[in-house]
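A.B. asks: Residue numbers (my numbering): 49 to 452.
The beta carbon of each residue, even a glycine, is placed where N, CA and C say it ideally should be.
This structure is in structure tokens; I'll ask about it shortly.
And the structure:
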């Protein structure tokens, strides 16, 4: 776990500990600037960002809270929000936001606040409402003479079947280049929901609907079968246990979010961005959401709420928009958003805005940690060449249905 501190160095200073899952230098530099602008008006305060790896994040935060050493603030994903709210782990920051001059809480998209507001209490503010996108290696596409995904978006032929075909054509075992890499290369473990849900939605399936599991529906099985075929029938997709990093040129395609653009600063190839492909049910546009939260048992609750308000002000949301698409309507709808990241053209940023407008947030539930644990062995069973997809998905639904 890496830590980075900003602000006063006085021994008597109050320290706000803020957990994040990014180790990106560009992200931490930006977060440091936000911390410095807060400590400029709070000279006896320091802000320390602790980086916890994404796959361990929720578990380690939970252990810190159980051990009586919770952070003051942190990032929290949408799938964990209901469980943390239900457990009383998050502080209600509504009074601080209302009393902060010029904050304009009404500027946040109402739909974006659904997971974080309950009966007037506000338990978090989304700093990232980020659609999943396809990144592609334009150099590899041009060398192979294939039509690029962004061009196919324009002519209406960008589908999951086309992505599957492209990945197979672009796989080059002799040079160690894979056709497709899962989200952050973690699509069989901590990112399995992020990998499968967009495909499932594009084929008309769903994880669950209310208290009913839908993971064994024919539509869902068809979607999972498509991805399984990419891994085992086509051999185009980086399989479990193998490495094929898109950002170093070792995969032609991947699905991720706009924040990962920072990893392409030293890319030795031309690259592009496209929306998620369509399936038989149209677009499966999917949004991953993360919020800034203050923990109920943190040592500096009032100060933490003040910093939360500062970080999610209009000015700082506009600053974060370069990597984290905002929920503030005034920032998202401004022309400045389309030019907020020098590495991303306005046309590409328009894909981001479109994904936010049309996308649905990843599945969440107050028992999501238990659901995830119950689903894990069933997801693991998918990753073999002769896996019976329909039978495994039926068993998976049987495992999680009682929790819904």
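Is the Cβ-Cβ distance between residue 145 and residue 390 less than 8 Å?
C.D. replies: No, the Cβ-Cβ distance between residue 145 and residue 390 is not below 8 Å.
A.B. asks: My output table needs one value for residue 105: the three-state DSSP class, helix, strand or coil.
C.D. replies: Residue state, collapsed to three classes: helix.
A.B. asks: Residue 309 by DSSP, collapsed to three states: which one?
C.D. replies: In the structure shown, residue 309 sits in a helix (DSSP, three-state: H, G or I).
A.B. asks: Rounded to whole angstroms, what is the Cα-Cα separation between residue 70 and residue 340?
C.D. replies: Going from the Cα of residue 70 to the Cα of residue 340 covers about 14 Å.
A.B. asks: Report the rounded CA-to-CA distance for residue 235 versus residue 418, giving the unit in angstroms.
C.D. replies: Distance between the alpha carbons of residue 235 and residue 418 is about 19 Å.
A.B. asks: Are there 16 or more other CB atoms within 10 angstroms of the CB of residue 192, so buried, or fewer, so exposed?
C.D. replies: Exposed, since its Cβ has fewer than 16 Cβ neighbours within 10 Å.
A.B. asks: Measuring straight from C-alpha to C-alpha, what distance separates residue 443 and residue 426?
C.D. replies: Near 7 Å, if we compare the C-alpha coordinates of residue 426 and residue 443.
A.B. asks: Taking C-alpha atoms, which residue in 320, 435, 101 lies nearest to residue 197?
C.D. replies: Selected option, being the one with the closest Cα: 320.
A.B. asks: Say whether the region 406-414 touches the region 124-137, bearing in mind that this needs 3 or more beta-carbon pairs closer than 8 Å, one atom from each stretch.
C.D. replies: They touch, by the three-pair rule.
A.B. asks: Name the two residues that bound the continuous alpha helix (DSSP H) containing residue 399.
C.D. replies: Note, residue 399: alpha helix (DSSP H), 394-406.
A.B. asks: Which value, in whole angstroms, describes the spacing of the CA atoms of residue 72 and residue 149?
C.D. replies: Approximately 32 Å between the Cα atoms of the pair.
A.B. asks: Could you have a look at residue 291 and say whether DSSP puts it in helix, strand or coil?
C.D. replies: Three-state DSSP puts residue 291 in coil, outside helix and strand.
A.B. asks: Exposed or buried, residue 168, counting other C-beta atoms within 10 Å across all chains shown (16 or more means buried)?
C.D. replies: Exposed.
A.B. asks: Using alpha carbons as the reference points, say which of 245, 143, 286 lies closest to residue 224.
C.D. replies: The candidate whose alpha carbon is nearest that of residue 224 is 286.
A.B. asks: Would residue 97 pass as a contact of residue 141 if the rule is Cβ separation under 8 Å?
C.D. replies: For residue 97 and residue 141, no; Cβs fall outside 8 Å.
A.B. asks: Go to residue 141, then tell me how far its beta strand (DSSP E) extends in each direction, as first and last residue.
C.D. replies: Run containing residue 141: none; DSSP gives neither H nor E here.
A.B. asks: Is the separation between the beta-carbon of residue 118 and that of residue 407 shorter than 8 Å?
C.D. replies: Contact: no.
A.B. asks: Determine the burial state of residue 310: buried for a count of at least 16 other Cβ atoms within 10 Å of its Cβ, exposed for fewer.
C.D. replies: Classification for residue 310: buried.
A.B. asks: Residue 300: which of 392, 317, 282, 290 sits nearest, CA to CA?
C.D. replies: Minimum Cα distance to residue 300 is reached at 317.
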